[in-house]
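A short worksheet on the structure shown next.
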Amino acid sequence: MALDGYADQSLSRRAMKAELLDAETELRLAYAWRDERDEEALHRLITAYMRLAISMAAKFKRYGAPMNDLIQEAGLGLMKAADKFDPDRGVRFSTYAVWWIKASIQDYVMRNWSMVRTGSTSSQKSLFFNMRRVQARLEREADGRGERLDRHQLRQMIATEVGVPLHDVEMMEGRLSGSDYSLNATQSSDDEGREWIETLEDDSQQAQELVEHDRDIDTLRGWLVSAMQELNDRERFIVRERKLRDAPRTLESLGQELGLSKERVRQLEAAAFGKMRKSLSSRSTEVQSFLA
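First residue of the sequence shown? That's 1 in full-length UniProt numbering, and the numbers climb one at a time after it.
Right, dumping it as structure tokens:
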């Protein structure tokens with residue numbers, strides 16, 4: 001809404017030509033938006049400080065993100081600041097907006113730096129944006145003292161300086177060491193070289209395993225059918241209702257249907273299982289778990 005018209009190459013020039021707001025006008029516009037939801041007031045407030053958003057976005061170009069995208073994120077942060085700004089606190093809007101603009105740009109940069117989530121906590125974000133600067137300063141200071149820091153010492157010093165755990169520094173160092181690579185990229189410059197994805201182990205079932213599994217299932221099913229055929233109708237009915245239903249029936253419900261006591265149904269079930277165990281014992285011990 002308030003950013004309409006800023007999506008072209010003349011965005012910076014337009015922002016530089018926008019009006020400069022004095023404290024009184026800024027306060028009046030902030031009240032108009034907060035209390036009356038006056039969109040024209042919001043538009044003037046955001047337009048006046050779009051130059052601030054653009055200048056902050058330019059500081060993040062070194063992270064490789066397109067400038068237009070950075071400006072869009074800065075604009076979103078500016079709009080969030082305008083929406084949450086409380087003019088009663090006696091703070092200039094520009095001072096308040098800086099935090100929201102910076103947070104919006106940083107979130108965008110971190111989301112797009114890698115497909116692997118780079119960091120989520122405030123300490124990790126601080127490390128992401130300050131690690132290289134702190135590292136360079138520590139190395140300069142060490143050189144000035146005639147010292148040479150090894151990697152472990154440097155990581156320890158960075159962790160202390162930024163106030164984060166050592167493992168966060170080690171993790172971030174790996175994240176910042178390079179960009180993502182496609183698994184479809186070849187391992188060599190040869191066009192016929194093997195792709196990286198071909199080196200990944202396939203943990204799914206192989207064709208041979210699937211065939212063997214299906215064959216085993218068919219065999220077990222045949223043994224069970226054969227064992228069931230050795231039962232009389234009532235025993236077969238009890239086994240089917242007790243073991244082959246998605247929701248097995250209780251002894252009591254079967255007794256009511258068959259006109260038998262619960263204990264008698266239990267005895268018939270035990271007898272049926274005994275017959276089936278005898279039939280299956282000579283074939284396989286695995287299938288006996290069915291009767292447990």
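In this text, a Cβ means the ideal position worked out from N, Cα and C, and glycines have one as well.
Keeping to the same chain, check which residues put their C-beta closer than 7 Å to that of Leu251; ignore five residues upstream and five downstream.
-> Taken in chain order, the residues that qualify are Lys262, Val265, Arg266.
Which one of Met131, Leu78, Glu24 has the shortest CA to CA distance from Asp88?
-> Nearest C-alpha to Asp88: Glu24.
Is Val225 buried or exposed, if buried means 16 or more other CB atoms sit within 10 Å of its CB?
-> Exposed, since its Cβ has fewer than 16 Cβ neighbours within 10 Å.
Best match in Glu269, Arg245, Leu244, Lys275 for proximity to Gly255 [C-alpha to C-alpha] | Taking only the C-alpha atoms, the option nearest Gly255 is Glu269.
Cα separation between Glu26 and Ser94?
-> Going from the Cα of Glu26 to the Cα of Ser94 covers about 10 Å.
How would you label Met16, buried or exposed, when you count the other beta carbons within 10 angstroms and need 16 or more for buried?
-> An exposed status is given to Met16, since fewer than 16 other beta-carbon atoms sit within 10 Å of its beta-carbon.
Helix, strand or coil: which one does DSSP assign to Glu252?
-> Correct three-state label for Glu252: helix.
In this structure, does DSSP put Ala23 in helix, strand or coil?
-> Helix, per DSSP.
Starting from the Cα of Arg242, find the closest Cα among Arg145, Phe273, Lys278, Asp214 and give me that residue.
-> The shortest CA-to-CA distance from Arg242 to any of Arg145, Phe273, Lys278, Asp214 is the one to Phe273.
Assigned exposure category for Ile217 - 16 Cβ within 10 Å defines buried | So Ile217 ends up on the exposed side.
Beta-carbon gap between Gly75 and Met50 smaller than 8 Å | It is a contact, given that the beta carbons lie within the stated cut-off.
When DSSP labels each residue in this structure, what does Ser279 get in the three-state scheme?
-> Helix.
Please go through the same chain and pick out, in chain order, the residues whose beta-carbon is closer than 8 Å to the beta-carbon of Arg148, but skip the five residues on each side of it.
-> Once the five neighbours on either side are set aside, the close Cβ partners of Arg148 are Ala142.
Out of Leu127, Arg145, Arg140, state which residue places its alpha-carbon closest to the alpha-carbon of Thr160.
-> Ranked by Cα distance from Thr160, the first of Leu127, Arg145, Arg140 is Leu127.
At what residue ranges does the region 16–74 contain a whole run of the alpha helix (DSSP H), taking only runs of 4 or more?
-> When DSSP assignments are scanned along the region 16–74, the uninterrupted stretches of alpha helix (DSSP H) that are 4 or more residues long and fall wholly within it turn out to be 23–36, 39–48, 50–58.
Check Arg133 in the structure and name its three-state DSSP category.
-> Arg133: helix per DSSP, three-state reduction.
Can you tell me which of Arg92, Ala65, Leu70, Ala58 puts its alpha carbon nearest to the alpha carbon of Ser104?
-> Looking only at Arg92, Ala65, Leu70, Ala58, the smallest Cα-Cα distance to Ser104 is reached by Leu70.
Can you tell me the Cα-Cα spacing of residue 293 and Leu258, whole angstroms?
-> Lying before the first or after the last residue shown, residue 293 is absent from the chain, which here runs from 1 to 292.
Where does the unbroken alpha helix (DSSP H) through Phe85 begin, and where does it stop?
-> Neither: Phe85 is in no alpha helix (DSSP H) and is coded neither H nor E.
The alpha helix (DSSP H) with Arg234 in it runs from where to where?
-> Note, Arg234: alpha helix (DSSP H), 233–243.
Cβ of Ala82 within 8 Å of Cβ of Leu21?
-> Remark: C-beta atoms of Ala82 and Leu21 do not approach each other more closely than 8 Å.
If you count every other CB in all the chains shown that lies within 10 Å of the CB of Ile158, and 16 or more means buried, which is it?
-> Looking at its Cβ environment, which holds 16 or more other Cβ atoms inside 10 Å, Ile158 is buried.
Can you name the start and end residues of the alpha helix (DSSP H) that Glu147 belongs to?
-> Segment: none, Glu147 is in no alpha helix (DSSP H) and carries neither H nor E.
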